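Engineer:
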Amino acid sequence: MKEKVIVKGKIGLNARPASMFLRLSVKFKSDVMLIKDGNFYNGKSILSILSMGAVNGDEIEIEVLGEDEEEAIKKLVEFFESDLEERYTI
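Residue numbers for the sequence shown follow our numbering, beginning at 229 and rising by one.
What follows is the structure, encoded as structure tokens:
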């Protein structure tokens, strides 16, 4: 399954929201990949997520493959539909 999302919030997908995404993605048995500018990033690796360099307004695609892919894609898209800055800053 694939879904396109837009990164929201001034902070983009920096360390804090990346770690929150990671905590969410590892709850699923399915493989999670993030695709940005034709490059693939492991959605279950903090270094891979951070190396993507996703900032506010970037379009990325979430690709999920596995036994719980429907639930996973739904929750991961919901993550990006929220304002990352609002949800994950102290």
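C-beta: ideal position from N, C-alpha, C; glycine also.
Please read all numbers here as calculations on a predicted model, not as lab measurements.
#1: Quick check: the Cα distance between L252 and D265, rounded to an integer number of angstroms?
#2: Sort V292, S310, G271 by Cα distance to E231 and report the nearest one.
#3: How about the segment 298-312 and the segment 272-279: do they share at least three Cβ pairs that are nearer than 8 Å?
#4: Mind checking which residues open and close the beta strand (DSSP E) that includes I290?
#5: When you compare the CB positions of L262 and I288, do they come within less than 8 Å of one another, or not?
#6: One question on the structure: do V283 and V233 come within less than 8 Å of each other, judged by their Cβ atoms?
#7: If you measure between the beta carbons of L304 and I277, is that distance less than 8 Å?
Structural biologist: Concretely, from the data shown:
#1: 23 Å
#2: V292
#3: no
#4: 287-293
#5: yes
#6: no
#7: no
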